[in-house]
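Notes follow the structure.
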Amino acid sequence: MSNNEQHTKFGVYSDTEIIQAIQEGHIIQYPDAPELINASSVDVRLGYNFYRTDLATINKGIYNPYDEEDVQRYFGEPLEAVPLREHGTIRRKLGLEALKGIDPDHPLIILRPGERILGHTHEFIGIDETGTSSMQAKSTTGRNGITVCKDAGWGDPGYFNRWTMEIENSNEREHVPLPIGMAIAQLVFYHTGPVNASYRQLSGNYQQSSDVNELIRTWAPNQMLPRTYRKQVQLPPLINNSAYK
Numbered sequence: 000m001s002n003n004e005q006h007t008k009f010g011v012y013s014d015t016e017i018i019q020a021i022q023e024g025h026i027i028q029y030p031d032a033p034e035l036i037n038a039s040s041v042d043v044r045l046g047y048n049f050y051r052t053d054l055a056t057i058n059k060g061i062y063n064p065y066d067e068e069d070v071q072r073y074f075g076e077p078l079e080a081v082p083l084r085e086h087g088t089i090r091r092k093l094g095l096e097a098l099k100g101i102d103p104d105h106p107l108i109i110l111r112p113g114e115r116i117l118g119h120t121h122e123f124i125g126i127d128e129t130g131t132s133s134m135q136a137k138s139t140t141g142r143n144g145i146t147v148c149k150d151a152g153w154g155d156p157g158y159f160n161r162w163t164m165e166i167e168n169s170n171e172r173e174h175v176p177l178p179i180g181m182a183i184a185q186l187v188f189y190h191t192g193p194v195n196a197s198y199r200q201l202s203g204n205y206q207q208s209s210d211v212n213e214l215i216r217t218w219a220p221n222q223m224l225p226r227t228y229r230k231q232v233q234l235p236p237l238i239n240n241s242a243y244k
């Protein structure tokens, strides 16, 4: 299907359209996993790496996202999911020896009550300039009190990568285990009209290449960190005939 033919369609991609778009290279899903394709979305699985928040050794009382050094201070070093036996502090605090239904050797992330982390999809996924995409939590994820991307789940035409997720435990008193590989969220793909430029051309904050093999080769956990500091905030022009700024 040509790009012009793609742009004559509108609405959400169905499963048959998703499969065709993957075959034609418009939708990127790596590694290939047909079993993750639903009737109108594609599941994504939780990846191994994550950042905790509010755990910095030096608590300044203010987090400045416009300062690269303060971003590093706030998020600290990336962590990697480990089996329950290596979650020493939480395991001792809760008196846990095992978690029913989870293999003891399976790596997992345990979220404390109210805790927010940055995590990522296992998959490199997205769509080229012929469409756009958005992320929503799986229904089961939400019912368990876990939010995945708050209101920051919108992709752009041309964006594909490992998606960063702002994962939060909304439960006020309960810890929640997140096994690596769980279907934590889903991507919905939309047809759009023609666009003047792709995500990488317009912003590129979180995607440095349009070559999926290069993205895979160069991806590192620090790409999950916010990059607000890359662009200085400019004052908007004053509005004529308004009594207030």
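For the record, in the sequence shown the residue sitting at position 38 is 37 according to numbering that gives the first Met the number 0, with numbers rising by one throughout.
C-beta: ideal position from N, C-alpha, C; glycine also.
So is residue i buried or exposed if we call it buried at 16+ other beta carbons inside 10 Å?
i: glycine 46; result: buried
i: proline 220; result: buried
i: lysine 59; result: exposed
i: leucine 93; result: exposed
i: glutamine 185; result: buried
i: threonine 139; result: exposed
i: glycine 130; result: buried
i: glutamine 233; result: exposed
i: isoleucine 256; result: Not covered by the structure: residue 256. The range shown for the chain is 0 to 244.
i: tyrosine 158; result: buried
i: phenylalanine 188; result: buried
i: alanine 20; result: buried
i: threonine 163; result: buried
i: aspartate 127; result: buried
i: proline 156; result: buried
In this structure, does DSSP put residue i in helix, strand or coil?
i: serine 133; result: strand
i: isoleucine 238; result: coil
i: leucine 224; result: coil
i: glycine 94; result: coil
i: arginine 51; result: strand
i: isoleucine 89; result: helix
Taking the beta strand (DSSP E) that residue i belongs to, which residues open and close that run?
i: isoleucine 124; result: 115 to 126
i: asparagine 160; result: 159 to 168
i: isoleucine 18; result: No beta strand (DSSP E) holds isoleucine 18; the alpha helix (DSSP H) holding it covers 14 to 23.
i: glutamine 28; result: 26 to 29
i: arginine 229; result: Here arginine 229 belongs to no beta strand (DSSP E), and DSSP marks it neither H nor E.
i: glutamine 185; result: 182 to 190
i: arginine 44; result: 41 to 44
i: proline 33; result: No beta strand (DSSP E) holds proline 33; DSSP gives it neither H nor E.
i: valine 175; result: 175 to 178
Taking the alpha helix (DSSP H) that residue i falls in, what are its first and last residues?
i: valine 211; result: 211 to 217
i: arginine 72; result: 67 to 74
i: arginine 111; result: Per DSSP, arginine 111 belongs to no alpha helix (DSSP H) and is neither H nor E.
i: glycine 141; result: 138 to 142
Assuming residue i and residue j form a contact by the criterion Cβ under 8 Å, report the distance between their Cβ atoms to the nearest whole angstrom.
i: phenylalanine 74; j: threonine 52; result: 7 Å
i: valine 258; j: isoleucine 124; result: Since the first residue shown for the chain is 0 and the last is 244, residue 258 is missing from the structure and cannot be characterised.
i: isoleucine 145; j: alanine 136; result: 7 Å
i: asparagine 160; j: leucine 95; result: So it is not a contact: roughly 35 Å between Cβ atoms.
i: valine 211; j: isoleucine 27; result: 5 Å
i: proline 106; j: alanine 97; result: 15 Å between Cβ atoms; not a contact.
i: glycine 154; j: serine 132; result: 4 Å
i: isoleucine 17; j: alanine 80; result: Contact doesn't hold; Cβ gap of about 28 Å is too wide.
i: tyrosine 29; j: threonine 227; result: About 28 Å separates the two Cβ atoms, so there is no contact after all.
i: asparagine 168; j: arginine 84; result: Rounded, the Cβ-Cβ distance is 21 Å, inconsistent with contact.
i: leucine 224; j: valine 70; result: 6 Å
i: glutamate 171; j: cysteine 148; result: Not really, about 21 Å apart at Cβ, beyond 8 Å.
field: Segment contact, 8 Å Cβ cut-off, at least three pairs: the stretch 34 to 48 with the stretch 113 to 123
entry: For the pair of segments examined, the stretch 34 to 48 was found to touch the stretch 113 to 123: the number of CB pairs separated by less than 8 Å reaches three.
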